[in-house]
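Chemist:
Chains as they are written, first to last, in my numbering: chain A, 1186 to 1347; chain B, 1186 to 1347.
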């Protein structure tokens, strides 16, 4: 393993570590527990889980790994705030979507070379990317890794004492 | 900028972005606001801030950038739980420590080459590193980046509606 391969593999590992934490936290909750707010008047656990699925689904086109699988999640979990949609998918369906989206991402991530990671993501123009080469695929992976950690930190407050 | 330099620079940028978020959140709080719990019965904002300073201070030896600057923070913010130490540093002192520790880290991080990032961190043996080359400096930076995001997510619940 070359130094640059080790650096990239460390980033992919950090992503997976955070996904594992989220999976352990959310996938073990009952339907009733998923309705708990992370703090009084704030988002419910079910919203955070669905939100992570929707954000990860949107990573597929951003990383140029293909079209979104589940844009229908956005109304309940991304563009809309918690409780703006009354009917949410049951826990078993959220788990299936979570595994499907992260599984498809994983296949794509695993195949990227160091040069692939340094290529631009799909939401930046050639012109803007020339001015800022840090608007690359790796920046997407890292910002979404922080995003998982941010919401797992919140979810942990409701899920169990830590 | 080579692809491997862009990948490393993206990781350093992700670290700094999360530090900036934490700085905006914590450094703007009054002494009184710092005593707010992030959720009923959970850590206070002042504890999370001090905790991040202590954890970042401990990154200096982990990244082989020198000895710790402020091990005296551990009793209140790392080894001890919130409220285990009655007398905490005032907000202005926490801000000074936060800037000092992150500033020293920043000088070190900026000088690392791709090969430096792929070297082992100080808490792993040569033998264990040979078996797992992902126990490198980059893994420390990425795990501490997630750690900041995790606690900023919690702090955000108490600091203001988001």
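Heads up, the beta-carbon is just placed ideally off N, CA and C, and yes, glycines get one too.
Taking only beta-carbon atoms, is residue 1323 of chain A less than 8 angstroms away from chain B?
Modeler: Yes, residue 1323 of chain A lies at the interface with chain B (some Cβ there is under 8 angstroms from its Cβ).
Chemist: Please report whether the beta-carbon of residue 1316 of chain A lies at a distance below 8 angstroms from any beta-carbon of chain B.
Modeler: Answer no: the Cβ-Cβ gap between residue 1316 of chain A and chain B never drops below 8 angstroms.
Chemist: For residue 1292 of chain A, count neighbouring C-beta atoms within 10 Å of its own C-beta (all shown protein chains included) and say buried if the count is 16 or more, exposed if not.
Modeler: When all chains shown are included, residue 1292 of chain A counts as exposed.
Chemist: Is the stretch 1213-1227 of chain B in contact with the stretch 1222-1230 of chain A, if contact means three or more CB pairs nearer than 8 angstroms?
Modeler: Result yes; three or more Cβ-Cβ pairs closer than 8 angstroms.
Chemist: Name the chain A residues that come within less than 7 angstroms of residue 1186 of chain B, Cβ to Cβ?
Modeler: In chain order: 1318.
Chemist: Identify whether residue 1222 of chain A lies in helix, strand or coil by the three-state DSSP scheme.
Modeler: Strand, per DSSP.
Chemist: Mind pulling the alpha helix (DSSP H) runs of 4 or more residues that sit fully within the stretch 1224-1290 of chain B?
Modeler: Segments of the alpha helix (DSSP H) lying fully in the stretch 1224-1290 of chain B: 1230-1242, 1244-1247 and 1259-1262.
Chemist: Just curious, the alpha helix (DSSP H) that residue 1309 of chain A is in, first and last residue?
Modeler: Counting along the chain, residue 1309 of chain A falls outside any alpha helix (DSSP H), and DSSP gives it neither H nor E.
Chemist: Give me the DSSP bridge partner(s) of residue 1321 of chain B.
Modeler: Paired residues: B/1305.
Chemist: Would you call the stretch 1290-1304 of chain A in contact with the stretch 1191-1210 of chain A, where contact means no fewer than 3 C-beta pairs closer than 8 angstroms?
Modeler: Yes: the two stretches touch, three or more of their Cβ pairs being nearer than 8 angstroms.
Chemist: Less than 6 angstroms between C-beta atoms, sequence neighbours within five positions excluded: which residues of the same chain meet that for residue 1347 of chain A?
Modeler: For residue 1347 of chain A, the predicted structure reports a pLDDT of 43, less than 50, and the residue's modelled location is therefore unreliable. A value from the coordinates is still provided. The residues are 1341.
Chemist: Would you identify the three-state DSSP class for residue 1216 of chain A, choosing helix, strand or coil?
Modeler: Residue 1216 of chain A falls in the coil class under three-state DSSP.
Chemist: For the ligand HEM, is there a heavy atom less than 7 angstroms away from the beta-carbon of residue 1211 of chain B?
Modeler: Looking at this structure, you won't find the ligand HEM or any other ligand, since it has none at all.
Chemist: Using a Cβ-Cβ cutoff of less than 8 angstroms, which residues in the same chain neighbour residue 1252 of chain A once the five nearest sequence positions on both sides are dropped?
Modeler: Once the five neighbours on either side are set aside, the close Cβ partners of residue 1252 of chain A are 1245 and 1246.
Chemist: Do the CB positions of residue 1212 of chain B and residue 1321 of chain A come within less than 8 angstroms of each other?
Modeler: No, Cβ-Cβ distance for residue 1212 of chain B and residue 1321 of chain A is not below 8 angstroms.
Chemist: Kindly list, in the order they appear in chain B, the residues whose Cβ is closer than 9 angstroms to that of residue 1330 of chain A.
Modeler: Near residue 1330 of chain A (Cβ distances below 9 angstroms), the residues of chain B are 1199, 1327, 1330, 1331 and 1334.
Chemist: Any Cβ of chain E within less than 8 angstroms of the Cβ of residue 1189 of chain A?
Modeler: Among the protein chains in the structure shown, which are A and B, there is no chain E.
Chemist: Specify whether the stretch 1255-1267 of chain A and the stretch 1228-1242 of chain A touch according to this definition: at least 3 beta carbon pairs, one from each stretch, less than 8 angstroms apart.
Modeler: Contact holds: three or more Cβ-Cβ distances are below 8 angstroms.
Chemist: What number of angstroms, rounded off, separates the C-alpha of residue 1319 of chain B from the C-alpha of residue 1218 of chain B?
Modeler: C-alpha separation (whole angstroms): 40 angstroms.
Chemist: For residue 1330 of chain B, name the three-state secondary structure that DSSP assigns.
Modeler: Helix.
Chemist: For chain B, check one thing: does any of its Cβ atoms lie closer than 8 angstroms to the Cβ of residue 1217 of chain A?
Modeler: It does not: the Cβ of residue 1217 of chain A has no partner Cβ on chain B nearer than 8 angstroms.
Chemist: Does any CB atom of chain B fall closer than 8 angstroms to the CB of residue 1342 of chain A?
Modeler: For residue 1342 of chain A, the answer is yes, since a Cβ of chain B falls inside 8 angstroms of its Cβ.
Chemist: How about residue 1196 of chain B and residue 1327 of chain B: are their beta carbons less than 8 angstroms apart?
Modeler: Against a cut-off of 8 angstroms, the Cβ pair of residue 1327 of chain B and residue 1196 of chain B comes out as a contact.
Chemist: What did DSSP end up calling residue 1347 of chain A once you bin it into helix, strand or coil?
Modeler: Low local confidence applies: a pLDDT of 43 at residue 1347 of chain A is under 50, so the model's placement there is unreliable, with the coordinate-based value given in what follows. Three-state DSSP puts residue 1347 of chain A in coil, outside helix and strand.
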